[in-house]
Each structure stands twice: as C-alpha cells, then as structure tokens.
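Numbering follows our numbering, in which position 29 of the sequence shown is assigned residue number 30; successive positions increment by one, without gaps.
Where a beta carbon is used, it is the ideal one built from N, C-alpha and C, also for glycine.
Since the structure is predicted, the reported quantities are computational estimates derived from the model, not experimental observations.
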Amino acid sequence: KKWYEKDGVIYFSVTSDGTTGPDWIKRLESKGFQVGDPARWLLNSPDFKPTSGVTTKVAVLKCRSFSRLFRATSDIRVAAVQRQLDKPNAEIACLIREKFMDEEIEAMCLIWITVMHEPIDDSNEEPKLFLVSRYEGGRWLNTECGKQNYEWGSAAGFAFVVPQNPQ
Numbered sequence: 002k003k004w005y006e007k008d009g010v011i012y013f014s015v016t017s018d019g020t021t022g023p024d025w026i027k028r029l030e031s032k033g034f035q036v037g038d039p040a041r042w043l044l045n046s047p048d049f050k051p052t053s054g055v056t057t058k059v060a061v062l063k064c065r066s067f068s069r070l071f072r073a074t075s076d077i078r079v080a081a082v083q084r085q086l087d088k089p090n091a092e093i094a095c096l097i098r099e100k101f102m103d104e105e106i107e108a109m110c111l112i113w114i115t116v117m118h119e120p121i122d123d124s125n126e127e128p129k130l131f132l133v134s135r136y137e138g139g140r141w142l143n144t145e146c147g148k149q150n151y152e153w154g155s156a157a158g159f160a161f162v163v164p165q166n167p168q
C-alpha cells in the first residue's frame, strides 16, 4: 500500500526529482492528469522552487477531524504546529498528484488534498495553495484560496511535512 492511516492522519512519502513547474505541466498532462489554469500560473511562478532527491514524509490531516467552528486555514495551520508538522514545498502537490490515482484518494475518504505550502500569489495577487482533487472530471491539479480565514469543507485533507527530527 502506498499510504497508511494512524490516529486519523494519513501518511506516505514522496521523493523530488528536480522537475520544474513548466515540466510538471507537461509531465502530468502526458499521464492524463488535468492542470487547471490557476495551477499553471503557480507552476510558472518564480516562487515555485523544485528540489531534487529530497524524500519527504507527508502527513495529511483530515478536515473531518476539525470542529465546524475550526475549519479555517489559520486553525488548520495551528493544529499542524501543535502536531509538530511543517509547511511543505509547493512541489509536493505535483508529487502527490502523480503518486495517487483518484480511486486511492477516494479510499482515503477525501475528495481533495490541499498542500499547505507557503501561499503563492496568482495573477490577481491573491494567495493560492495547490489542490489535488478527484472531482469535476477527476485527476486534477488546481488551486484554492490561501487566505488565513478561508473556510474548508469536510471532504478536504491538508498535507504537511513530518520533520525528520521532530522536537
């Protein structure tokens, strides 16, 4: 199995290979994935900084584990800090999209996984986060609002990094 769940958190690892944003667009589309226009903007941004040979253990917090009153981006980031999780590199979204087919995301009981990287401004100077989703035709890499007060639906998962040497 490519992933496992423990105490309501989904875990898996991904390894970067230096693929640039524009090359991710070509790579994902050649495999049948759909890359939304907002995601293209972020992938072409100078703020998208690929790494090479970095293996990252990812922890996905399920939105269902949060109270309806605590589903804003800021609340989710606070919960991640409390669990000693770090912000991922934005490229993690591409690695997740490539690693998991929609059926596997569905088996996680999620519709989408939001990668909680440092937000990247889109063409309207609005902060955005990458989103890996299995709806609206399936197999998408797109974006969603990165504002701290944005409220998330219950079918979301939020990807963070498990530090190599937790405190």
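| Check | Outcome |
| --- | --- |
| Any chance the region 23-32 sits against the region 108-127, with 3 or more Cβ pairs inside 8 angstroms? | no |
| Answer yes if the region 58-68 comes into contact with the region 158-165, meaning at least three C-beta pairs across the two stretches below 8 angstroms, and no otherwise. | yes |
| Chain D beta carbons: is any one of them nearer than 8 angstroms to that of residue 130? | Any reference to chain D falls outside this structure, which holds one protein chain only. |
| Tell me the DSSP bridge mates of residue 121? | 129 |
| If you follow the alpha helix (DSSP H) that residue 103 is in, where does it begin and where does it stop? | 103-108 |
| Between 131, 36, 51 and 156, which lies nearest to residue 146 when the distance is taken from Cα to Cα? | 131 |
| Helix, strand or coil, according to DSSP, for residue 213 in the structure here? | Only positions 2 to 168 of the chain appear in this structure, which leaves residue 213 out of reach. |
| Residue range of the alpha helix (DSSP H) that residue 22 falls in? | 22-31 |
| Between which two residues does the alpha helix (DSSP H) holding residue 144 run? | Not the alpha helix (DSSP H): residue 144 falls in the beta strand (DSSP E), residues 141-146. |
| Tell me, please, whether the region 9-23 touches the region 92-99 by the rule of three or more beta-carbon pairs shorter than 8 angstroms. | yes |
| How far does the beta strand (DSSP E) with residue 163 in it reach, from first residue to last? | Run containing residue 163: none; DSSP gives neither H nor E here. |
| Going by DSSP, what residues sit across from residue 82 in a beta bridge? | DSSP output for residue 82 lists no bridge partner at all. |
| Name the DSSP bridge partner or partners of residue 35? | 141 |
| To the nearest angstrom, how far is the alpha carbon of residue 100 from that of residue 125? | 30 angstroms |
| Which of the three DSSP states is assigned to residue 42 in this structure? | helix |
| Look at the Cβ atom of residue 156, then the Cβ atom of residue 114, and state whether they are nearer than 8 angstroms. | no |
| So the alpha helix (DSSP H) residue 99 belongs to, where does it begin and stop? | 93-100 |
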